[in-house]
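Colleague: In this note's numbering, the protein residues as written are 12 to 358. Built from N, CA and C at the ideal position, the CB exists for glycine as well. If you're wondering where the values come from, they're calculated on a predicted model, not measured in any experiment. Structure in structure tokens, see below.
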Ligand code: PHE
């Protein structure tokens, strides 16, 4: 019996030694647990011997009992030691009742949230969602939109000209000033009839203040079909505003000039930040320019390869950034690109 006990002890130490030296063992922790159960578990040989001690004579019980218990203690200590080695610390120090560390998950930028809302509204109206290049040719950004080389309308959209690269037609490339160039690209690709929106990033050489940024977002809309009139345009805009603000928002329509629409309009909404009282964002006017829009100019339809005698359409350029400012009552456009977590984590 004494030999048996010594044998168990030696075998346990050998097994343990082997396991710990097998550095490649993938499940070291699990293997150690298995080994522990084998030697110290209820069904292990050692436990059985301890259980049967009661059947032995008093002297045997005394001698073997002491030995078996001391082996058990030794094994428990050595297993504990190895466990700590693997877990990298003293497992007694773990307080399992402590609350866990919060794992921060990412979330969507307010611009993305609104963009997705709008995409849903337009998808439900049967519009496709398109994209176009941010580094655009002078042709698509201006000329195809009826803004010729020296047209004063270019002044309103001063941007960043990229001199170091010219495209195949030997034209300068520009950081697109609006999403309108995608109108012509879409017409060329898909023809008429056409219903599409183009959300995207645009760039201008602006003096930056609370409502002007060099980089902001627009959402272009375009609908071309037979017999499309300005009435269709106004109906769609009303539908859209209802979808965005979930309530009636006071609007006003003014004439507006853009070379690529005829006639052109500006749709203003009552400033949602100050409730129409006047603030720095609405330049004290109580109104905010939200939608320039208009009937697509025949020259633009022709540039897109569409017969302007057969088809007509309307287009609008929604200021996505401005809309987000209205919706969430954000009074400084510079916050969007600031990366300031105190701002971003509010959404
Ligand atoms: N692209 C114009 C701008 O950014 C907006 C616009 C789009 C106007 C479509 C009319 C129609 O200023």
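Tell me where the alpha helix (DSSP H) around residue 201 begins and ends.
Modeller: First-last of the alpha helix (DSSP H) with residue 201: 192 to 201.
Colleague: Please list the terminal residues of the continuous alpha helix (DSSP H) segment that includes residue 292.
Modeller: Neither: residue 292 is in no alpha helix (DSSP H) and is coded neither H nor E.
Colleague: Kindly indicate which three-state DSSP category residue 281 falls into: helix, strand or coil?
Modeller: Strand.
Colleague: Nearest-angstrom Cα distance between residue 132 and residue 241?
Modeller: Going by the C-alpha atoms only, they are around 20 angstroms apart.
Colleague: Can residue 324 and residue 203 be called in contact, C-beta distance under 9 angstroms?
Modeller: It is a contact, given that the beta carbons lie within the stated cut-off.
Colleague: Could you check the C-alpha separation between residue 282 and residue 357 for me, to the nearest Å?
Modeller: Cα-Cα distance, rounded: 22 angstroms.
Colleague: Quick one: which unbroken alpha helix (DSSP H) runs of 4-plus residues sit fully inside the segment 107 to 157? Chain order, please.
Modeller: If we require 4 residues or more, the alpha helix (DSSP H) runs fully inside the segment 107 to 157 come out as 121 to 135, 149 to 152.
Colleague: For residue 348, which residues of its own chain have a beta-carbon under 8 angstroms away from its beta-carbon, when the five flanking residues on both sides are left out?
Modeller: Same-chain partners within the cutoff: 224, 226.
Colleague: I need the straight-line Cα distance from residue 217 to residue 167, nearest angstrom please.
Modeller: So the two alpha carbons sit approximately 10 angstroms from each other.
Colleague: Within this structure, are the beta carbons of residue 195 and residue 311 separated by less than 9 angstroms?
Modeller: For residue 195 and residue 311, yes; Cβs fall inside 9 angstroms.
Colleague: If I follow the unbroken alpha helix (DSSP H) through residue 76, where does it start and stop?
Modeller: Taken as a continuous stretch (DSSP letters only), the alpha helix (DSSP H) holding residue 76 covers 69 to 98.
Colleague: Just tell me which of 17, 188, 122, 65 has its CA closest to the CA of residue 355.
Modeller: It is 122 whose Cα lies nearest to the Cα of residue 355.
Colleague: For residue 125, which residues in the same chain have their Cβ closer than 7 angstroms to its Cβ, ignoring the five residues on either side in sequence?
Modeller: Cβ within range, chain order: 331, 334, 335, 338.
Colleague: Do the segment 67 to 76 and the segment 43 to 51 meet, that is, are 3 or more Cβ pairs less than 8 angstroms apart?
Modeller: With the cut-off at 8 angstroms, the segment 67 to 76 and the segment 43 to 51 do not touch.
Colleague: For residue 197, which residues from the same chain have a beta carbon less than 7 angstroms from its beta carbon, with the 5 sequence-adjacent residues on both sides left out?
Modeller: Excluding positions up to five away in sequence, the list reads 141, 205, 207, 233.
Colleague: Relative to the alpha-carbon of residue 344, which residue among 228, 172, 119 has its alpha-carbon at the smallest distance?
Modeller: It is 228.
Colleague: Heavy atom of ligand 1 less than 8 angstroms from the Cβ of residue 274, yes or no?
Modeller: Not so, every heavy atom of ligand 1 lies at least 8 angstroms from the Cβ.
Colleague: Check residue 163 in the structure and name its three-state DSSP category.
Modeller: It is helical.
Colleague: Give the range of the beta strand (DSSP E) segment to which residue 325 is assigned.
Modeller: Its beta strand (DSSP E) spans residues 323 to 330.
Colleague: Quick check on residue 207: does DSSP put it in helix, strand or coil?
Modeller: Residue state, collapsed to three classes: strand.
Colleague: Helix, strand or coil for residue 266, going by three-state DSSP, please let me know.
Modeller: Correct three-state label for residue 266: strand.
Colleague: Can we count residue 200 as close to ligand 1, meaning its CB is less than 8 angstroms from some heavy atom?
Modeller: No, Cβ of residue 200 sits at least 8 angstroms from all heavy atoms of ligand 1.
Colleague: Less than 8 angstroms between C-beta atoms, sequence neighbours within five positions excluded: which residues of the same chain meet that for residue 429?
Modeller: Given a span of 12 to 358 for the chain in the structure shown, any question on residue 429 remains unanswerable.
Colleague: Taking DSSP's pairing of strands, which residues face residue 5 in a bridge?
Modeller: The requested residue 5 is not part of the displayed model; the chain covers only 12 to 358.
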